[in-house]
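What follows is a single structure, written as structure tokens, with notes after it.
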Amino acid sequence: METPKLPKLSHKESLLFPSNMREAFINALGGLSGKRILDLGCGFVPYSRDFVWQNAHLVCVDINRESIDFCKAHGLEAHLVDIYHANFSNEYFDGVWANASLNLLRRYKLPNVILDIKRTLKPQGVFFVSVLEGSWLECESSRDYIACYLDEDFRAILDPSFIVLENLRFQIPNDDNIYLNYLCRKK
Numbered sequence: 366m367e368t369p370k371l372p373k374l375s376h377k378e379s380l381l382f383p384s385n386m387r388e389a390f391i392n393a394l395g396g397l398s399g400k401r402i403l404d405l406g407c408g409f410v411p412y413s414r415d416f417v418w419q420n421a422h423l424v425c426v427d428i429n430r431e432s433i434d435f436c437k438a439h440g441l442e443a444h445l446v447d448i449y450h451a452n453f454s455n456e457y458f459d460g461v462w463a464n465a466s467l468n469l470l471r472r473y474k475l476p477n478v479i480l481d482i483k484r485t486l487k488p489q490g491v492f493f494v495s496v497l498e499g500s501w502l503e504c505e506s507s508r509d510y511i512a513c514y515l516d517e518d519f520r521a522i523l524d525p526s527f528i529v530l531e532n533l534r535f536q537i538p539n540d541d542n543i544y545l546n547y548l549c550r551k552k
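Mapping to our numbering: the sequence shown position 60 is 425, numbers consecutive.
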């Protein structure tokens, strides 16, 4: 794979998620060189893009065509995928990175998505996920859906498939949103 055309993360971009969780993800994998990493719901500027600079094989997926076109235009492997119908091979990825993407899934469908993530991970695979904290659902329109979770509720969804290695409650500077971040290993 060619070197991506996107620059490394800027200092401002790095403030949008806890860098110690990124480092913990890398350490839990034993480094990134040669590892297959799935960025699940990559968006327009995948924060996982620095993984390529450390010789990981990064696969970006999103349901948004513009996000995928953007990633491809910048030298990243990217695929248009509906998370509900992802069909990756069993035990294919070493790690899955889901930064603020699972909030967009219907709450009742999340347990099956978590099981599918487990299925795609190799034994001892690593999963990073961040979700918005809250005890309510916000539906602004038929197109916009955001599910929020309390720590104990999200842990209950993770528990059948993953061991939580680390977790962190994180607030983006100058933002009211609080994210629950989990670094997990496949059971």
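Glycine included, each C-beta is placed from N, C-alpha and C at the ideal position. Note that the structure is a prediction, hence the values are computed from the model and not measured.
* Which ranges does the beta strand (DSSP E) cover as unbroken runs of at least 3 residues, wholly within the segment 386-412, from first to last along the chain? -> 401-405
* Asked: Would you report the Cα separation of GLU456 and LEU486, rounded to the nearest angstrom?
  -> By 1-based counting over the sequence shown, the position of residue 456 is 91. By 1-based counting over the sequence shown, the position of residue 486 is 121. Spanning the two alpha carbons is a distance of roughly 4 Å.
* Complete runs of the alpha helix (DSSP H) confined to the segment 438-520 [at least 4 residues] -> Restricting attention to alpha helix (DSSP H) runs no shorter than 4 residues, the segment 438-520 encloses them at 475-485, ordered along the chain.
* State the beta-bridge partners of GLU557 as determined by DSSP. => Since the first residue of the chain shown is 366 and the last is 552, residue 557 is not available in this structure.
* To do: Within its chain, find whatever has a CB closer than 8 Å to the CB of PHE519; leave out the 5 residues flanking it on each side and keep chain order.
  => One-based indexing of the sequence shown puts residue 519 at position 154. Excluding residues within five positions, the ones whose Cβ falls inside 8 Å are VAL496, LEU545 and TYR547.
* Mind reading off the beta-carbon distance from VAL426 to LEU397? Whole number of angstroms is fine, and I expect it under 8 Å. => The sequence position of residue 426 within the sequence shown is 61, counting from 1. The sequence position of residue 397 within the sequence shown is 32, counting from 1. In fact, because the Cβ distance is near 18 Å, the residues do not count as touching under 8 Å.
* To do: Can you check DSSP and say which residues form a bridge with ASP427?
  => For this step, residue 427 is matched to residue 62 along the sequence shown. The partner list for ASP427 (beta bridge, DSSP) reads LEU445.
* Look at the alpha carbon of GLN419 and the alpha carbon of LEU523, and state the distance between them as a whole number of angstroms. => For this step, residue 419 is matched to residue 54 along the sequence shown. For this step, residue 523 is matched to residue 158 along the sequence shown. Cα-Cα distance, rounded: 28 Å.
* **Which of helix, strand or coil DSSP assigns to ILE543** => Residue 543 sits at position 178 when you count from the first residue of the sequence shown. In this structure, ILE543 counts as strand in the three-state DSSP scheme.
* Give the DSSP bridge partners of GLN355, in chain order. => What the structure shows of the chain is the stretch from 366 to 552, and residue 355 is not part of that stretch, so it cannot be assessed.
* Asked: Who are the near neighbours of ARG430 in its chain, counting only those whose CB is closer than 8 Å to its CB and skipping five residues on each side?
  -> The sequence position of residue 430 within the sequence shown is 65, counting from 1. Counting only Cβ-Cβ distances below 8 Å, and skipping sequence neighbours, we find LEU445.
* Quick one: residues in its chain with C-beta nearer than 6 Å to the C-beta of ILE433, no 5 flanking neighbours on either side, listed in chain order? => Against the sequence shown, residue 433 aligns to sequence position 68. Result list for ILE433: ASP427, ALA443 and LEU445, in chain order.
* Check whether the Cβ atoms of GLY490 and LYS551 sit closer than 7 Å, and answer yes or no. => Position 125 of the sequence shown, counted from the start, is the residue given in the question as residue 490. Position 186 of the sequence shown, counted from the start, is the residue given in the question as residue 551. Yes; because the gap between Cβ atoms is below 7 Å, this pair is in contact.
* Asked: Quick one: Cα of GLU505 to Cα of ALA512, how far?
  -> Numbered from 1 along the sequence shown, position 140 holds the residue referred to as residue 505. Numbered from 1 along the sequence shown, position 147 holds the residue referred to as residue 512. The predicted model places GLU505 with a pLDDT of 49, which falls under 50 and marks its position as unreliable; any figure quoted below should be read in that light. Taking the straight line from one Cα to the other gives about 11 Å.
* Asked: Looking at PHE390 and PHE493, is the spacing between their C-beta atoms short of 7 Å?
  -> By one-based count along the sequence shown, residue 493 stands at place 128. By one-based count along the sequence shown, residue 390 stands at place 25. Yes; because the gap between Cβ atoms is below 7 Å, this pair is in contact.
* Asked: Looking at LEU403 and VAL461, is the spacing between their C-beta atoms short of 7 Å?
  -> On the sequence shown, position 96 is the one that residue 461 refers to. On the sequence shown, position 38 is the one that residue 403 refers to. Going by C-beta atoms, VAL461 is nearer than 7 Å to LEU403.
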